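Numbering (the numbering used here), first residue to last: 1019 to 1167.
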Amino acid sequence: MKYSSQAASYDKAYAAESLVVKSSPGASYKTVGKIEVGTVVKVYGAVPIGKDQGNASTAEQYGWSKIKYKNKTAWVATYKLSFADPYKWTPGVKTKTINDIKKNYVSKNDKVKLEKSGLGYYAMYVQINGKGEWHYLVTINCKTGWYHG
(Lines of atoms letter the chains of each structure in order from A and count residues from 1; the text may use other names and numbers.)
(Lines give C-alpha, C1' and ligand atoms only; values in the text may rest on other atoms or scores of the structure.)
Protein backbone atom coordinates (compact mmCIF):
# COMPACT_ATOMS: atom_id res chain seq x y z
CA MET A 1 0.00 0.00 0.00
CA LYS A 2 1.32 3.46 -0.92
CA TYR A 3 1.03 6.43 1.38
CA SER A 4 1.23 10.04 0.27
CA SER A 5 3.94 12.04 1.96
CA GLN A 6 2.72 15.30 0.44
CA ALA A 7 2.61 18.08 3.00
CA ALA A 8 -0.48 20.22 3.41
CA SER A 9 -0.43 23.27 1.19
CA TYR A 10 -0.32 26.62 2.91
CA ASP A 11 0.66 30.25 2.41
CA LYS A 12 3.20 31.63 4.90
CA ALA A 13 2.53 34.96 6.60
CA TYR A 14 3.23 36.69 9.88
CA ALA A 15 1.03 38.79 12.12
CA ALA A 16 1.65 42.41 11.08
CA GLU A 17 -0.70 43.44 13.92
CA SER A 18 -2.07 41.61 16.93
CA LEU A 19 -4.63 39.11 15.59
CA VAL A 20 -7.97 38.23 17.09
CA VAL A 21 -8.67 34.59 16.24
CA LYS A 22 -12.30 33.79 15.40
CA SER A 23 -14.24 30.51 15.25
CA SER A 24 -15.72 31.41 11.86
CA PRO A 25 -14.94 34.03 9.17
CA GLY A 26 -16.52 37.21 10.48
CA ALA A 27 -16.20 39.86 13.17
CA SER A 28 -19.26 38.78 15.18
CA TYR A 29 -18.17 35.17 15.74
CA LYS A 30 -16.70 33.76 18.95
CA THR A 31 -13.14 34.85 19.77
CA VAL A 32 -11.04 31.76 20.42
CA GLY A 33 -7.69 33.44 21.06
CA LYS A 34 -5.09 35.99 20.08
CA ILE A 35 -1.86 35.89 18.10
CA GLU A 36 0.92 38.35 18.89
CA VAL A 37 2.62 40.66 16.37
CA GLY A 38 5.44 38.92 14.48
CA THR A 39 4.13 35.38 14.96
CA VAL A 40 4.40 33.15 11.86
CA VAL A 41 0.99 32.08 10.59
CA LYS A 42 0.23 29.31 8.08
CA VAL A 43 -2.78 30.19 5.92
CA TYR A 44 -4.69 27.20 4.47
CA GLY A 45 -7.51 29.02 2.68
CA ALA A 46 -9.51 32.24 2.64
CA VAL A 47 -12.83 33.86 1.89
CA PRO A 48 -13.32 37.37 0.47
CA ILE A 49 -16.08 38.33 2.86
CA GLY A 50 -17.10 37.22 6.35
CA LYS A 51 -20.30 35.20 6.75
CA ASP A 52 -21.74 38.02 8.87
CA GLN A 53 -20.88 40.85 6.47
CA GLY A 54 -23.35 40.34 3.63
CA ASN A 55 -22.23 42.01 0.42
CA ALA A 56 -20.13 44.75 1.96
CA SER A 57 -19.09 47.25 -0.69
CA THR A 58 -15.56 47.37 0.73
CA ALA A 59 -15.23 43.60 0.69
CA GLU A 60 -11.47 43.53 0.13
CA GLN A 61 -10.80 44.80 3.64
CA TYR A 62 -13.00 42.08 5.10
CA GLY A 63 -11.18 39.01 3.77
CA TRP A 64 -10.68 36.21 6.27
CA SER A 65 -7.80 33.74 6.27
CA LYS A 66 -8.23 30.15 7.46
CA ILE A 67 -5.52 29.01 9.89
CA LYS A 68 -4.90 26.27 12.43
CA TYR A 69 -5.06 27.52 16.01
CA LYS A 70 -4.50 25.02 18.82
CA ASN A 71 -5.04 22.22 16.28
CA LYS A 72 -8.45 23.54 15.20
CA THR A 73 -9.58 25.49 12.15
CA ALA A 74 -9.89 29.20 12.95
CA TRP A 75 -10.01 32.54 11.11
CA VAL A 76 -8.14 35.85 11.21
CA ALA A 77 -8.57 39.13 9.31
CA THR A 78 -6.40 38.88 6.19
CA TYR A 79 -5.47 42.57 6.11
CA LYS A 80 -3.63 42.12 9.41
CA LEU A 81 -1.25 39.59 7.86
CA SER A 82 1.98 40.25 6.00
CA PHE A 83 2.66 37.49 3.47
CA ALA A 84 6.09 36.08 2.61
CA ASP A 85 5.11 36.15 -1.08
CA PRO A 86 2.35 38.69 -1.80
CA TYR A 87 1.72 37.19 -5.27
CA LYS A 88 1.36 33.57 -4.14
CA TRP A 89 -2.26 32.48 -4.28
CA THR A 90 -3.73 31.28 -1.00
CA PRO A 91 -4.58 27.56 -1.33
CA GLY A 92 -7.96 26.99 -2.97
CA VAL A 93 -8.49 30.63 -3.92
CA LYS A 94 -7.17 30.79 -7.49
CA THR A 95 -9.21 27.99 -9.08
CA LYS A 96 -12.43 28.91 -7.29
CA THR A 97 -12.15 32.62 -8.11
CA ILE A 98 -11.12 32.22 -11.74
CA ASN A 99 -13.87 29.65 -12.36
CA ASP A 100 -16.43 32.03 -10.84
CA ILE A 101 -15.25 34.93 -13.00
CA LYS A 102 -15.23 32.80 -16.16
CA LYS A 103 -18.70 31.42 -15.42
CA ASN A 104 -20.18 34.88 -14.95
CA TYR A 105 -18.21 37.12 -17.32
CA VAL A 106 -16.33 35.14 -19.99
CA SER A 107 -17.66 33.31 -23.05
CA LYS A 108 -16.32 29.85 -23.86
CA ASN A 109 -14.34 31.06 -26.91
CA ASP A 110 -12.69 33.93 -25.04
CA LYS A 111 -9.14 33.75 -23.70
CA VAL A 112 -8.05 35.16 -20.36
CA LYS A 113 -4.69 36.09 -18.88
CA LEU A 114 -3.47 37.34 -15.51
CA GLU A 115 -0.85 40.00 -14.84
CA LYS A 116 0.51 41.23 -11.52
CA SER A 117 -1.17 44.48 -10.56
CA GLY A 118 -0.41 46.13 -7.24
CA LEU A 119 0.87 44.27 -4.18
CA GLY A 120 -1.12 41.05 -3.78
CA TYR A 121 -3.38 41.70 -6.76
CA TYR A 122 -3.70 40.39 -10.29
CA ALA A 123 -5.48 42.04 -13.20
CA MET A 124 -7.43 39.68 -15.44
CA TYR A 125 -7.71 40.50 -19.13
CA VAL A 126 -10.00 38.94 -21.73
CA GLN A 127 -9.49 38.50 -25.45
CA ILE A 128 -12.88 38.21 -27.18
CA ASN A 129 -13.12 35.00 -29.25
CA GLY A 130 -9.39 34.55 -28.67
CA LYS A 131 -8.52 37.28 -31.19
CA GLY A 132 -7.53 40.92 -31.24
CA GLU A 133 -6.92 43.26 -28.32
CA TRP A 134 -6.83 42.29 -24.67
CA HIS A 135 -9.41 44.09 -22.50
CA TYR A 136 -9.22 44.64 -18.75
CA LEU A 137 -11.89 42.60 -16.95
CA VAL A 138 -11.29 42.57 -13.17
CA THR A 139 -8.71 43.01 -10.42
CA ILE A 140 -8.35 40.03 -8.06
CA ASN A 141 -6.94 39.83 -4.53
CA CYS A 142 -4.91 36.59 -4.68
CA LYS A 143 -5.11 36.10 -0.91
CA THR A 144 -8.89 36.26 -0.49
CA GLY A 145 -10.42 35.91 -3.96
CA TRP A 146 -12.14 39.30 -3.77
CA TYR A 147 -12.50 40.79 -7.23
CA HIS A 148 -13.91 43.91 -8.80
CA GLY A 149 -13.96 45.33 -12.29
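Where a beta carbon is used, it is the ideal one built from N, C-alpha and C, also for glycine. Keep in mind it's a predicted model, so treat the numbers as computed, not measured.
Asked, Found
"What are the uninterrupted segments assigned as alpha helix (DSSP H) that are 4 or more residues long and contained completely in the segment 1086-1150, given in chain order?", "1111-1123"
"Looking at the structure shown, is S1042 part of a helix, part of a strand, or coil, going by DSSP?", "coil"
"Which residues does DSSP list as the beta-bridge partners of I1082?", "According to the sequence displayed, residue 1082 carries Trp and not Ile. The partner list for W1082 (beta bridge, DSSP) reads V1065 and A1095."
"Which of helix, strand or coil does DSSP assign to T1162?", "coil"
"Report the three-state DSSP secondary structure of A1034 (helix, strand or coil).", "coil"
"So V1111 packs on T1057, CB below 8 Å; how close in whole Å?", "That pair is no contact at about 22 Å."
"Where does Y1168 sit, in a helix, a strand or coil, going by DSSP?", "Outside the displayed span of the chain (1019 to 1167) sits residue 1168, for which this structure offers no information."
"With H, G and I counted as helix, E and B as strand and the rest as coil, what does DSSP make of V1156?", "strand"
"Can you tell me whether DSSP reads V1055 as helix, strand or coil?", "coil"
"Cutting at 7 Å between CB atoms, please list the residues of its own chain near S1135, excluding the five before and the five after it.", "A1141 and T1157"
"Using the Cα positions of G1068 and L1037, report the straight-line distance between them to the nearest angstrom.", "16 Å"
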